[in-house]
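Trainee: Let me begin by handing over the structure; questions about it come next.
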Amino acid sequence: MRLYKKEGNTLQILSFPNDNIEKGDYLIIEDSRVNKKLITQVIDVQFANVPGLLEELLRDSTTEDCVYGEDFDPLKVSSHINHIQDAWMLLCKIRGTLENEKPSVNVSWLPSRSKSGIERFSITSLLAQIDNGRNLPIHIGETKEKSPFTINAHDLDGTLNIVTGKKGTGKSHLSKLLVLGLIDYGATVIVLDLNGEYTNLGFSQNGEKNVYHDKVHVLTPGANLKVSLAQLDLRVMLNILVHALHLPGASTREFRRIWQFLNQRRASTLRELGEAIKSWKCNQHVRDALFSRYNSLLNSGFFTDIATEAVTFEEFFGETRKGGALILNLQDVSSVDRQIVVEYTLGKLVELLGQWKIRAVFLFAEEAHLYLRETYWDDIVTRMRHFGVFTTFVTNQPDTIRENIYRQADNIFLLNFTNERDLETVSRAARVDSETVKSIAHDLPHHHCLVLGKTVKDFPMVVKVRAYDVQTMGQTRLFFTSRDYARAEPQLR
Amino acid sequence: MEDESFQPNESGFKQYATSHQQNFEGATPILRTHDLLTIKSIPIKPLFCDTPVAAVDVSSIKIGETETGLLCAIRGAIVWKHDSRYSYLRFGPFPFHITEENKKEIYNLFKHHSFEISEDANAPNLANVPIRMGSLLERWLQLGISCSAHDSVILWDGSLTAGTADSPLNVVSQLLEISRNRLNTILAFSKTTNLRLLGHKLTDLGEKSWPPCLLQINGFPPQSGPVFSLGNVYVAKLTQGICSFRLDIDKEISLERGIEAVQKLLGNDLLIQSYPETLRLAHTFSTFTATEVIGIQHLIAQQYGLRIIARPNIRRLLFGPFGKGSEG
Ligand SMILES: Nc1ncnc2c1ncn2[C@@H]1O[C@H](COP(=O)(O)OP(=O)(O)OP(=O)(O)O)[C@@H](O)[C@H]1O
Ligand SMILES: [Mg+2]
Chain V
1 MRLYKKEGNT
11 LQILSFPNDN
21 IEKGDYLIIE
31 DSRVNKKLIT
41 QVIDVQFANV
51 PGLLEELLRD
61 STTEDCVYGE
71 DFDPLKVSSH
81 INHIQDAWML
91 LCKIRGTLEN
101 EKPSVNVSWL
111 PSRSKSGIER
121 FSITSLLAQI
131 DNGRNLPIHI
141 GETKEKSPFT
151 INAHDLDGTL
161 NIVTGKKGTG
171 KSHLSKLLVL
181 GLIDYGATVI
191 VLDLNGEYTN
201 LGFSQNGEKN
211 VYHDKVHVLT
221 PGANLKVSLA
231 QLDLRVMLNI
241 LVHALHLPGA
251 STREFRRIWQ
261 FLNQRRASTL
271 RELGEAIKSW
281 KCNQHVRDAL
291 FSRYNSLLNS
301 GFFTDIATEA
311 VTFEEFFGET
321 RKGGALILNL
331 QDVSSVDRQI
341 VVEYTLGKLV
351 ELLGQWKIRA
361 VFLFAEEAHL
371 YLRETYWDDI
381 VTRMRHFGVF
391 TTFVTNQPDT
401 IRENIYRQAD
411 NIFLLNFTNE
421 RDLETVSRAA
431 RVDSETVKSI
441 AHDLPHHHCL
451 VLGKTVKDFP
461 MVVKVRAYDV
471 QTMGQTRLFF
481 TSRDYARAEP
491 QLR
Chain B
1001 MEDESFQPNE
1011 SGFKQYATSH
1021 QQNFEGATPI
1031 LRTHDLLTIK
1041 SIPIKPLFCD
1051 TPVAAVDVSS
1061 IKIGETETGL
1071 LCAIRGAIVW
1081 KHDSRYSYLR
1091 FGPFPFHITE
1101 ENKKEIYNLF
1111 KHHSFEISED
1121 ANAPNLANVP
1131 IRMGSLLERW
1141 LQLGISCSAH
1151 DSVILWDGSL
1161 TAGTADSPLN
1171 VVSQLLEISR
1181 NRLNTILAFS
1191 KTTNLRLLGH
1201 KLTDLGEKSW
1211 PPCLLQINGF
1221 PPQSGPVFSL
1231 GNVYVAKLTQ
1241 GICSFRLDID
1251 KEISLERGIE
1261 AVQKLLGNDL
1271 LIQSYPETLR
1281 LAHTFSTFTA
1291 TEVIGIQHLI
1301 AQQYGLRIIA
1311 RPNIRRLLFG
1321 PFGKGSEG
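This is the structure we're talking about:
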């Protein structure tokens, strides 16, 4: 391999197919004159622009079809000619410098073109170099060299993360891996599980309970997740009414009075609330508005007056004290009810964190745009983060996540994307240049993930995400099974 | 002009290979105009009978210089058309390292095959060796074709001029004889020619005649000296268009047989701008391109550990086919 050109942060390196370089590989450029090595990453492999090649290809292709023949080439010169024709130009991004075997981001020097040696730098060695005590390793998968790839749970702490990729590429699979890894170290995790995919995390594939069984708590609204009005903060209730149920301002003011009235009488039950609205002296429009919202609350099945049915998040968090996940199963929950539940959960979370009843939680939100109201997005990256809510957004529609979230994301786990627009969106992430994202993510094989950000010390790395023995519900439900397919015989021809 | 319309890229080689050229340009006889010169136009028409057409061409090219000598490569191609299908056999590339040490051996090789090479001990001219090597391979391939073909049209690149270093008299006349005996006819097409008639380039003479035709030029002064032509010289204007080529046909065969061979060529091969496709393919298959030169340099460096100190300018090599031994 030879250094050919440098433009800004991009290097061009001449290489041949037998060097076996692929996108995502790291190369180290060693300049023997100075005791420094440049760390670069291959972001694209192109054909080298060999002079006269076009004429040659044209010549070959015009004769190929109509002329047959043989070559007497005893010295096998043609293999050398093909070798030249196959020359590659590697587009590389400069990632840092290795000085006295310590990586740094100082890249203010340029290695010699004639004197530099270029070698592959295995991800394994790179990981070893950037390792600053991976004392809480989470095993994500393996590197290209088949050595284990781990991230440090510390690097997820206090961070904002995004897991994205097109449909079916393994986003949820990877997120579950992160969830279990965090639980292992005693973290509290809340999953907003839109499709009920995380509900079986406590079981292995053969259906038996696994080691996580006691740490995974599935909360299904209306079933084992019902709450009493009494434990509801007025602020949370108003959020539900205004944001999930769109209660107009005048009615909200009236509701506030009713709520305070019930509170004073210690009669915060659904039944009492209904009675109060009925008999409350107010404008008929307001009453109608309040009543319809009341019915929505009632129908959600999320609220209960029966003391034995009602649960509290305090209890749940108690159970996760030594590490555990609360899976909020939003499958089969209507969109309005979903919002009610999410408003309640986030409100409760902030309340408990504010009172230091819990330390911090890791929140995993699948397709958050389907239930998270506008104002929460900013809240999550600012206020809630301060309170100790560390969010991971999981989505296959990257444009549903705001640009500022990409900019502030500490880690991005990027699976395959082929759509240019999606790639464009993701490439706005501040942690890496957009060419890297576009080029590498476009060609990521199945189950491979490009890890960007803090967990890899900003050395983007491709990892093959490992499989694990957990019952997954992630499979897309299909109409035709392979059995049907084999049996089927078309009647019409 | 022909030169340009045939292959615009030839000029690229010329710049690079001027030293090669001087030598063989000098070898082509410059004929002075003569009072008795006549030009006769012979109309021809395609003869559609199954006659195989074969063509031979060879290229040589300088690959670079080493501390001890010169690197070159040669490659030859035979293309034939039979049953409306083209086939080829390609030989090489054969790289050579010509040094002061092995020069003697090379001279002996040429001598053995009746090729002369300037052996002035004071000014050894290594630069000509690649072209001589190419000619040797070319004659060898021509011999192979002449001996194996029968009742065929054989196309050569160049002329039937003999008595030069690249065309020893006995070699060329022997080739012609073998061909005659096997009922083959050799048609030698020159892409350009330095022959001038009445102040015009010979190949410009076709302008006023209707193709397909041959212009027969009679009344050249009798040739003297070591260099002369073993063929009758024609200007071949075989298709519409601006191109015509010098065509040499064996003097020893009858005019009719010569014309018939051209007519068979017309009936059996594709002609584009007066030039036979079989010969064009042979040219294409033998010439070197820039990547091929780099590839050969790679082979030499890798397998023979030779360090190349001066390389030909690849930018120049860019201009397509070049490195032609016996043509300009
Ligand atoms: N690294 C992996 N090893 C083995 N199986 C995997 C891996 N990643 C994903 N899978 C499997 O592939 C299927 C799809 O994965 P997953 O549900 O995680 O994809 P997704 O990107 O979340 O899809 P969707 O866009 O539908 O949410 C699942 O059955 C999952 O078990
Ligand atoms: Mg999913």
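Protein chains in written order, with the working numbering: chain V, 1 to 493; chain B, 1001 to 1328.
Heads up, the beta-carbon is just placed ideally off N, CA and C, and yes, glycines get one too.
List, in order along the chain, the chain V residues whose C-beta lies closer than 7 Å to that of Phe1091 of chain B?
Mentor: Translated into positions along the second sequence, residue 1091 of chain B becomes position 91. Those within 7 Å of Phe1091 of chain B in chain V are Phe72.
Trainee: On the three-state DSSP scale, how would you describe Cys1147 of chain B?
Mentor: Taking the first residue of the second sequence as 1, we reach residue 1147 of chain B at position 147. Cys1147 of chain B falls in the helix class under three-state DSSP.
Trainee: May I ask you to report which of helix, strand or coil DSSP gives Phe1245 of chain B?
Mentor: Locating residue 1245 of chain B in the second sequence gives position 245, counting from the first residue. Phe1245 of chain B: strand per DSSP, three-state reduction.
Trainee: Within 8 Å of any Cβ in chain B, is that where the Cβ of Leu53 of chain V sits?
Mentor: For the purposes of this step, residue 53 of chain V is taken as the residue at position 53 of the first sequence. It does: the Cβ of Leu53 of chain V has a partner Cβ on chain B nearer than 8 Å.
Trainee: Quick check: is any heavy atom of ligand 1 less than 7 Å from the C-beta of His369 of chain V?
Mentor: As a working note, residue 369 of chain V is residue 369 in the first sequence. The answer is no for His369 of chain V.
Trainee: For Gln1022 of chain B, which three-state DSSP category applies?
Mentor: On the second sequence, residue 1022 of chain B is found 22 positions in, with the first residue counted as 1. In this prediction, Gln1022 of chain B scores a pLDDT of 34, lower than 50, which makes its location untrustworthy; the coordinate-derived value is nonetheless stated afterwards. Note: Gln1022 of chain B maps to helix in three-state DSSP.
Trainee: For the segment 1274-1296 of chain B, enumerate the residues whose C-beta is nearer than 7 Å to any C-beta of chain V, in chain order.
Mentor: Listed in sequence order: Leu1281, Thr1284, Thr1289, Ala1290, Thr1291, Glu1292, Ile1294, Gly1295 and Ile1296.
Trainee: Within the same chain, show all residues whose beta-carbon is closer than 6 Å to that of Thr382 of chain V, passing over the 5 residues directly before and after it, in chain order.
Mentor: Stepping through the first sequence from its first residue, residue 382 of chain V is reached at position 382. Correct list: empty, nothing qualifies.
Trainee: Taking C-alpha atoms, which residue in V:Tyr344, V:Gln339 and V:Phe317 lies nearest to Arg359 of chain V?
Mentor: Looking up residue 359 of chain V in the first sequence gives position 359. Checked all of V:Tyr344, V:Gln339 and V:Phe317; the closest Cα to Arg359 of chain V is V:Phe317.
Trainee: Following a CB-centred definition, is Gly494 of chain V positioned closer than 7 Å to any heavy atom of ligand 1?
Mentor: This structure cannot speak to residue 494 of chain V, because chain V is shown only from 1 to 493.
Trainee: Whose C-alpha, out of V:Phe149, V:Leu110, V:Ile138 and V:Ser112, is nearest the C-alpha of Ser122 of chain V?
Mentor: Working through the first sequence from its first residue, we reach residue 122 of chain V at position 122. When only C-alpha atoms are compared, the closest one is V:Phe149.
Trainee: Just to confirm the assignment, what range does the alpha helix (DSSP H) spanning Ile358 of chain V have?
Mentor: Position 358 of the first sequence, counted from the start, is the residue given in the question as residue 358 of chain V. First-last for Ile358 of chain V: undefined, no H or E at that position.
Trainee: Is the CB of Tyr4 of chain V under 8 Å away from at least one CB in chain B?
Mentor: Taking the first sequence and counting its residues from 1, the one referred to as residue 4 of chain V is at position 4. Tyr4 of chain V does not count as touching chain B.
Trainee: Hey, is Thr50 of chain V close to ligand 1, as in C-beta under 7 Å from one of its heavy atoms?
Mentor: Against the first sequence, residue 50 of chain V aligns to sequence position 50. Sequence check: residue 50 of chain V is Val here, not Thr. No; taking the cut-off as 7 Å, the Cβ of Val50 of chain V has no heavy atom of ligand 1 nearer than that.
Trainee: Could one say the Cβ of Tyr185 of chain V lies closer than 8 Å to chain B's Cβ atoms, at least one of them?
Mentor: Along the first sequence, one-based indexing puts residue 185 of chain V at 185. It does not; no Cβ of chain B falls within 8 Å.
Trainee: Out of B:Ile1044, B:Ile1253 and B:Arg1139, point me to the one whose CA is closest to Asn1232 of chain B's CA.
Mentor: Locating residue 1232 of chain B in the second sequence gives position 232, where the first residue counts as 1. Among B:Ile1044, B:Ile1253 and B:Arg1139, the Cα nearest to that of Asn1232 of chain B is on B:Ile1253.
Trainee: So, under 8 Å CB-CB, Ser1041 of chain B and Leu1215 of chain B are touching, yes? Tell me the CB distance rounded to an integer number of Å.
Mentor: Sequence index remark: in the second sequence, residue 1041 of chain B carries index 41 (1-based). Sequence index remark: in the second sequence, residue 1215 of chain B carries index 215 (1-based). Correct: roughly 6 Å between the Cβ atoms.
Trainee: Does any residue of chain B bring its CB to less than 8 Å from the CB of Arg113 of chain V?
Mentor: Reading the first sequence from its first residue, position 113 is the one you call residue 113 of chain V. Chain B contact via Cβ: absent.
Trainee: For the candidate residues V:Phe313, V:Gly170, V:Val333 and V:Val179, whose alpha-carbon lies nearest to that of Asp233 of chain V?
Mentor: As a first step, residue 233 of chain V is located in the first sequence; it is residue number 233 there, counting from the start. If we check each option's Cα against that of Asp233 of chain V, V:Phe313 comes out closest.
Trainee: Can you tell me which of V:Val105, V:Lys5, V:Tyr376 and V:Leu58 puts its alpha carbon nearest to the alpha carbon of Ala48 of chain V?
Mentor: Against the first sequence, residue 48 of chain V aligns to sequence position 48. For Ala48 of chain V, the nearest C-alpha among the options comes from V:Lys5.
Trainee: In angstroms with no decimal places, state the Cα-to-Cα distance between Leu127 of chain V and Val336 of chain V.
Mentor: Here residue 127 of chain V is taken as the residue at index 127 of the first sequence, counted from 1. Here residue 336 of chain V is taken as the residue at index 336 of the first sequence, counted from 1. Spanning the two alpha carbons is a distance of roughly 46 Å.
Trainee: To the nearest angstrom, how far is it from the Cα of Gly494 of chain V to the Cα of Val34 of chain V?
Mentor: The requested residue 494 of chain V does not occur in the structure, where chain V is confined to residues 1 to 493.
Trainee: In the DSSP assignment, find the beta strand (DSSP E) that holds Gly1231 of chain B and state where it starts and stops.
Mentor: Residue numbering aside, residue 1231 of chain B sits at position 231 when the second sequence is read from its first letter. Unbroken beta strand (DSSP E) run through Gly1231 of chain B: Gly1231 to Lys1237.
Trainee: Buried or exposed, going by whether 16 or more other CB atoms sit within 10 Å of the CB of Lys457 of chain V?
Mentor: Here residue 457 of chain V refers to the residue found at position 457 of the first sequence. Answer is buried; the Cβ neighbour count reaches 16.
Trainee: Who are His1097 of chain B's beta bridge partners in DSSP?
Mentor: Your numbering for residue 1097 of chain B matches position 97 in the second sequence. Answer is B:Leu1071, bridged to His1097 of chain B.
Trainee: Is Lys171 of chain V near ligand 2, judged by its Cβ being under 7 Å from some heavy atom?
Mentor: In the first sequence, the residue the question calls residue 171 of chain V occupies position 171. Yes, Cβ of Lys171 of chain V sits closer than 7 Å to a heavy atom of ligand 2.
Trainee: Who are the neighbours of Arg59 of chain V on chain B, taking C-beta pairs under 8 Å?
Mentor: In the first sequence, the residue the question calls residue 59 of chain V occupies position 59. By Cβ distance, chain B contributes Thr1284 and Thr1289.
Trainee: Would the beta-carbon of Asp1157 of chain B fall within 8 Å of that of His1283 of chain B?
Mentor: Position 157 of the second sequence, counting from 1, holds the residue named residue 1157 of chain B. Position 283 of the second sequence, counting from 1, holds the residue named residue 1283 of chain B. In contact: Asp1157 of chain B and His1283 of chain B (Cβ atoms closer than 8 Å).
Trainee: Which of helix, strand or coil does DSSP assign to Gln12 of chain V?
Mentor: Here residue 12 of chain V is taken as the residue at index 12 of the first sequence, counted from 1. Strand, per DSSP.
Trainee: 8 Å is my cut-off, CB to CB: does Leu1299 of chain B come that close to chain C?
Mentor: Chain labels in this structure do not include chain C; the protein chains are V and B.
Trainee: Kindly list, in the order they appear in chain V, the residues whose Cβ is closer than 9 Å to that of Gln1087 of chain B.
Mentor: What you label residue 1087 of chain B is simply residue 87 of the second sequence in a count that begins at 1. As written in the sequence, residue 1087 of chain B is Ser, which differs from the Gln given in the question. Under the 9 Å cutoff, chain V gives Val67, Tyr68, Gly69 and Glu70.
Trainee: If you pair each beta-carbon of the segment 148-165 of chain V with each one of the segment 391-406 of chain V, do three or more pairs fall below 8 Å?
Mentor: Touching, yes.
Trainee: Flag this pair as yes or no: are the beta carbons of Ile84 of chain V and Ile1063 of chain B separated by less than 8 Å?
Mentor: Start at 1 with the first residue of the first sequence, and residue 84 of chain V comes out as number 84. Start at 1 with the first residue of the second sequence, and residue 1063 of chain B comes out as number 63. Not in contact: Ile84 of chain V and Ile1063 of chain B (Cβ atoms no closer than 8 Å).
Trainee: Which residues in chain B sit within 7 Å of Ile118 of chain V, going by Cβ to Cβ distance?
Mentor: In the first sequence, counting from the first residue as 1, residue 118 of chain V sits at position 118. The premise fails here: Ile118 of chain V is roughly 18 Å from chain B at the closest Cβ pair, so nothing lies under 7 Å.
Trainee: For Asp469 of chain V, count the other beta carbons within 10 Å of its own beta carbon; 16 or more makes it buried, fewer makes it exposed. Which is it?
Mentor: Here residue 469 of chain V refers to the residue found at position 469 when the first sequence is read from its first residue. Exposed, because fewer than 16 other Cβ atoms sit within 10 Å of the Cβ of Asp469 of chain V.
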